[in-house]
Amino acid sequence: MTAGYSNTCSSRLAAVPSGGPTILHADLDAFYASVEQLLDPALRGQPIAVGGGPSGGVVLAASYEAKSFGVQGGMPGWRAARLCPDLVFVRGHFGEYQRFGDAVMEILEDVTPVVERISIDEAFLDVSGATHLFGPPDVIGAAIRRRVRAEVGLPISVGAARTKHLAKIASQVAKPDGLVVVAPGTEREFLDPLPVGLIWGVGPVNQQRLAHLGIHTIGQLAETPGSAVEHILGRAVGHKLSAMARDADPRRVVTAHRAGSVGAQSALGRRRPARDDVRAVLAHLADRVARRLRAKARAGRTVTVRVRFAGMASVTRSLTLTQPVATTLTLTEIAERLAWSAIDDHPDAEITLLAISVSNLTDQRTIQPELELPPPDPWRPGSATGTARRAVDGSMDAIRERFGRDAVGYLPAMRRGGAVPDEFRELAEHEL
DNA sequence: TCTGGGGTCCTAGGACCC
DNA sequence: TCTGGGGTCCTAGGACCC
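Oh and the first sequence: position 237 is 1372 in my numbering, straight run, nothing missing.
1. Taking V1193 and G1212 to be in contact with their CB atoms under 8 Å, please state how far apart those CB atoms are, rounded to whole angstroms.
2. State the beta-bridge partners of H1374 as determined by DSSP.
3. Go through the segment 1304-1391 residue by residue and report every complete run of the beta strand (DSSP E) that reaches 3 residues or more, in order.
4. Would you say the segment 1180-1199 touches the segment 1318-1326, given that touching needs at least three Cβ pairs under 8 Å?
5. Around the Cβ of L1268, are there at least 16 other Cβ atoms within 10 angstroms (buried) or fewer (exposed)?
6. Under the three-state reduction of DSSP, which class applies to A1571: helix, strand or coil?
7. Between Y1232, A1215, P1328 and A1523, which has its C-alpha nearest L1174's C-alpha?
8. Tell whether a beta-carbon distance below 8 Å holds between V1493 and L1420.
9. Within its chain, find whatever has a CB closer than 6 Å to the CB of H1160; leave out the 5 residues flanking it on each side and keep chain order.
10. Less than 8 Å separating the beta-carbons of P1330 and H1351?
11. Quick check on the burial criterion: 16 or more other C-beta atoms within 10 angstroms. Buried or exposed for T1455?
12. Leaving out five residues before and five after S1518 in sequence, what residues of the same chain have Cβ atoms less than 8 Å from its Cβ?
13. Quick one: give me the first and last residue of the alpha helix (DSSP H) that L1417 is part of.
14. Ignoring anything shorter than 4 residues or poking outside the segment 1273-1304, list the alpha helix (DSSP H) runs there in chain order.
15. So, under 8 Å CB-CB, V1460 and E1251 are touching, yes? Tell me the CB distance rounded to an integer number of Å.
16. Pull up the DSSP beta-bridge partners for I1491, would you.
17. Considering only residues of the same chain and omitting the five flanking positions on each side of P1510, which have a CB-CB separation below 8 Å?
18. At a cut of 8 Å, does the segment 1370-1385 reach the segment 1402-1411 through at least three beta carbon pairs?
19. Counting C-beta neighbours from all protein chains within 10 Å, is the total for F1229 16 or more, i.e. buried, or is it exposed?
20. Applying the 10 Å Cβ sphere with the 16-neighbour rule, what's the burial state of M1447?
21. The alpha helix (DSSP H) spanning I1242 covers which residue range?
22. Determine the closest residue to G1191 out of E1171, F1166, R1217 and G1180, with distance taken between C-alpha atoms.
23. Would you mind reading off the limits of the alpha helix (DSSP H) that contains R1407?
24. Tell me where the beta strand (DSSP E) around D1557 begins and ends.
25. Looking only at C-alpha atoms, which of A1425, V1438, R1297 and L1488 sits nearest to A1445?
26. Given a cut-off of 8 Å on the beta-carbon distance, is the pair L1473 and R1443 in contact?
27. Quick check on this structure: which residue in E1485, A1201 and T1497 has the alpha carbon closest to the alpha carbon of D1412?
28. Would you mind sorting V1200 into buried or exposed? The rule is 16 or more other CB atoms within 10 Å of its CB.
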């Protein structure tokens, strides 16, 4: 890409596109499953599930052959096996997924630098400035699909429209392995017959609420007074929908995002909360979170702990500090306090999951004299000083850098075998 | 026989300040 | 001495997305 070209792009970004469709949404089909079928020809044409198993675990992705039986991502393995008796469970090559996803993004960036990657396998492109080079959006979309198929070997669907929201819906409609262009002026015609569930932000709960009012399609939703929609779905979603109905959804394609929070969680099966046990899990989680924060030179002031109880919804407890934290031991202690404040409110309940998240992030370029926490912060200062803790973290980070993650660890954090392969966690936490 | 792990955004009430 | 209105921050919960 030449400098002149990207200048053209950024100046076009300021204006609301008024002519042809300028936003593309590119979305790999059944991504993990497709990669497995690519790597092992014997799996092609077969109903396969990545992750899980007939007796336990959760299906992370299903091939289209499996989807036709009703198998879906997020579904317990035993249920998937019941729906599709011939389902082949595959363990998953998590390291490969990142590589394949990156390779596809490189192809997209050949088209335009204005690419917003929103997950490992999908991205928005603003091609407003690329049409004079590569042709109209439908031609660009077709070319992307050809190149990804030829050079990477994966099926990808593309939607094109005037707005991100619409382009995303178009790519969903295009699946599997298709291209849908919503020509300007035909938006209503395109949207009206589609189910409301295709709209971003309308999940199972809101879909149910709308169905209760006899609203199933986007057309029916468009005919419903805005105030009624807001009443059911909340102000924000209501606004978004009416903006979409007016074809005035102004969201731009943004190339860089910074994470607003960093977290980790661990499913535990069912267990009675015991001091040592809870401490061990939290220490492990805090270690993961704090290490990632330090690696990004960030730290956060708000610590949130989530405890999920058997049969009950989960409960969160959070605390906002005066100083940001990125220290493993300090984070562990705060998390322990918060976790017990939640657990103590539900005596006799078994717990099934623990999670830690740090938000309110700030940059930590300049190392501040650490956290000797002021009195209002309600936990006891640990035995080591902040400076000492920072030094310990620093040495651990360095050793792990050289010898690998498991070379060294905080004692309580070291014993564990996860329900999910470690490579999956690494994939999930990978910076896009 | 209840389902992983990573996130984002919204809402509502209360505290606090001006 | 009681009262208004607005803004910001914090906490907890929930829906949703990949």
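C-beta atoms are modelled at their ideal positions from N, C-alpha and C, and glycine is treated no differently.
In terms of the structure at hand:
1. Taking the first sequence and counting its residues from 1, the one referred to as residue 1193 is at position 58. Taking the first sequence and counting its residues from 1, the one referred to as residue 1212 is at position 77. Yes, V1193 and G1212 are in contact; Cβ-Cβ is about 7 Å, under 8 Å.
2. By 1-based counting over the first sequence, the position of residue 1374 is 239. Its beta-bridge partners do not exist; DSSP assigns none.
3. 1314-1316
4. no
5. For the purposes of this step, residue 1268 is taken as the residue at position 133 of the first sequence. Burial call: exposed.
6. Absent from the structure is residue 1571, since the part of the chain shown begins at 1136 and ends at 1567.
7. Within the first sequence, the letter at position 39 stands for residue 1174. When only C-alpha atoms are compared, the closest one is Y1232.
8. Within the first sequence, numbered from 1, the residue matching residue 1493 stands at position 358. Within the first sequence, numbered from 1, the residue matching residue 1420 stands at position 285. No. Outside cutoff.
9. Residue numbering aside, residue 1160 sits at position 25 when the first sequence is read from its first letter. The answer, listed in chain order, is F1259, G1294, A1302, K1303 and S1306.
10. The residue you call residue 1330 lines up with position 195 of the first sequence. The residue you call residue 1351 lines up with position 216 of the first sequence. Contact flag set, yes.
11. By one-based count along the first sequence, residue 1455 stands at place 320. T1455 comes out exposed.
12. The residue you call residue 1518 lines up with position 383 of the first sequence. Any answer about S1518 is weak, because its pLDDT of 45 lies below 50 and its placement is not dependable; what the coordinates show is given next. Taken in chain order, the list of residues that qualify is empty.
13. For this step, residue 1417 is matched to residue 282 along the first sequence. Segment R1410 to A1430, the alpha helix (DSSP H) holding L1417.
14. none
15. As a working mapping, residue 1460 is identified with position 325 in the first sequence. As a working mapping, residue 1251 is identified with position 116 in the first sequence. Between E1251 and V1460 the Cβ distance is about 30 Å, and since that is not below 8 Å, they are no contact.
16. Here the question's residue 1491 lines up with position 356 in the first sequence. For I1491, which the question treats as bridged, DSSP gives the partners A1399 and V1440.
17. Looking up residue 1510 in the first sequence gives position 375. Since pLDDT at P1510 reaches only 41, below the 50 mark, its modelled position is unreliable, and no value is offered.
18. no
19. As a working note, residue 1229 is residue 94 in the first sequence. Result: buried.
20. Numbered from its first residue, the first sequence carries residue 1447 at position 312. Exposed.
21. The residue you call residue 1242 lines up with position 107 of the first sequence. Residues F1229 to V1246.
22. On the first sequence, residue 1191 is found 56 positions in, with the first residue counted as 1. The residue with the shortest Cα to Cα distance from G1191 is R1217.
23. Within the first sequence, residue 1407 is the residue found at index 272, counting from 1. Premise fails: R1407 is in no alpha helix (DSSP H) and is neither H nor E.
24. Along the first sequence, one-based indexing puts residue 1557 at 422. Not the beta strand (DSSP E): D1557 falls in the alpha helix (DSSP H), residues D1557 to E1564.
25. For the purposes of this step, residue 1445 is taken as residue 310 along the first sequence, with counting starting at 1. Of the listed residues, the one whose Cα sits closest to A1445 is L1488.
26. In the first sequence, residue 1473 corresponds to position 338, counting from 1. In the first sequence, residue 1443 corresponds to position 308, counting from 1. No; because the gap between Cβ atoms is not below 8 Å, this pair is not in contact.
27. For the purposes of this step, residue 1412 is taken as residue 277 along the first sequence, with counting starting at 1. When only C-alpha atoms are compared, the closest one is E1485.
28. Position 65 of the first sequence, counted from the start, is the residue given in the question as residue 1200. Checking the displayed sequence, the identity of residue 1200 turns out to be Glu instead of Val. Per the 10 Å Cβ criterion, buried.
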